[in-house]
Amino acid sequence: MRSLFALLLVLLAACGPEDPRYLPASELDAKPFPLQAVDLQMPKAGSGAEYYGKLRLKVFISAAGGVDRVEVAEATVPPALRDSAVKAFSEVRWEPARKAGKRVKTVKVVEVDFQPPPEGQRAPMTPD
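Here the sequence shown is numbered in the working numbering, starting from 4 and rising by one per residue.
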């Protein structure tokens with residue numbers, strides 16, 4: 004029984020623990036990218052006008068490509084637009100980041116500039 008326990012410890016050490024940190028872009032070999040377009044719904048103001056401004060989000064992406072959480076780092080838009088962007092980025096699937104050939108957790112900083120689309124068109128919003 005004792006040798007079985009020692010063997011288990013050796014195997015666990017060889018596999019290595021998963022890195023609990025979300026790695027920044029500077030530590031990655033391959034950056035994550037969305038597998039689909041991000042559909043940002045722009046809520047209308049009470050008067051019917053649309054809101055415009057800038058938003059910076061931190062998207063925490065799992066090693067499996069899901070979104071663990073989204074944080075607002077900076078915003079010059081109303082809460083309704085921030086909430087809409089957080090919801091949209093939370094629902095996106097990602098190709099995960101890689102380091103040394105392995106999928107890793109990462110934090111992706113996304114900047115969104117909400118501007119009016121060209122006359123008669125709806126501009127798609129995708130992260131850089």
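Where is the CB? At the ideal position from N, CA and C, for every residue including glycine.
Anticipated Cβ contact below 8 Å, residue i with residue j, distance rounded
i     : j      : result
Tyr25 : Lys108 : 5 Å
Val41 : Phe92  : 6 Å
Pro99 : Gly68  : 5 Å
Trp97 : Pro37  : 6 Å
The beta strand (DSSP E) enclosing residue i, as first and last residue numbers
i      : result
Arg72  : Val70 to Ala78
Ala100 : Ala100 to Lys102
Leu60  : Gly56 to Ile64
Asp116 : Thr109 to Phe117
Burial state of residue i, where buried means 16 or more other Cβ atoms lie within 10 Å
i      : result
Ser29  : exposed
Ala16  : For Ala16, the predicted structure reports a pLDDT of 42, less than 50, and the residue's modelled location is therefore unreliable. A value from the coordinates is still provided. Ala16 should be labelled exposed.
Pro82  : exposed
Asp131 : With a pLDDT of 47 at Asp131, under the threshold of 50, the predicted position of this residue should be treated as unreliable, though the coordinate-derived value follows. Flag for Asp131 reads exposed.
Lys90  : exposed
Start-to-end residues for the alpha helix (DSSP H) that takes in residue i
i     : result
Lys90 : Pro82 to Ser93
Residue nearest to residue i in terms of C-alpha spacing, selected from the options
i      : options                       : result
Ser87  : Leu43, Ala33 and Leu38        : Leu43
Ala76  : Gly68, Arg85, Arg59 and Ala67 : Arg59
Glu114 : Glu94, Gln39, Leu38 and Lys57 : Lys57
Arg85  : Lys61, Phe36 and Pro27        : Lys61
Gln39  : Thr79, Val112 and Glu94       : Glu94
Own chain partners of residue i with C-beta closer than 6 Å, once the 5 adjacent residues on each side are dropped
i      : result
Arg72  : Phe63
Arg137 : Given a span of 4 to 131 for the chain in the structure shown, any question on residue 137 remains unanswerable.
Thr79  : Gly56 and Lys57
Ala66  : Pro99, Arg106, Val107 and Lys108
Gly74  : According to the sequence displayed, residue 74 carries Glu and not Gly. Only Lys61 meet the Cβ criterion.
Interface flag, residue i vs chain C, CB-CB below 8 Å
i     : result
Ala76 : As a matter of chain content, chain C is missing from the structure shown, which is built from one protein chain.
Contacting residues, own chain, Cβ-Cβ under 8 Å from residue i (five flanking each side not counted)
i      : result
Val110 : Tyr25, Leu26, Pro27, Lys61, Val62, Phe63 and Ile64
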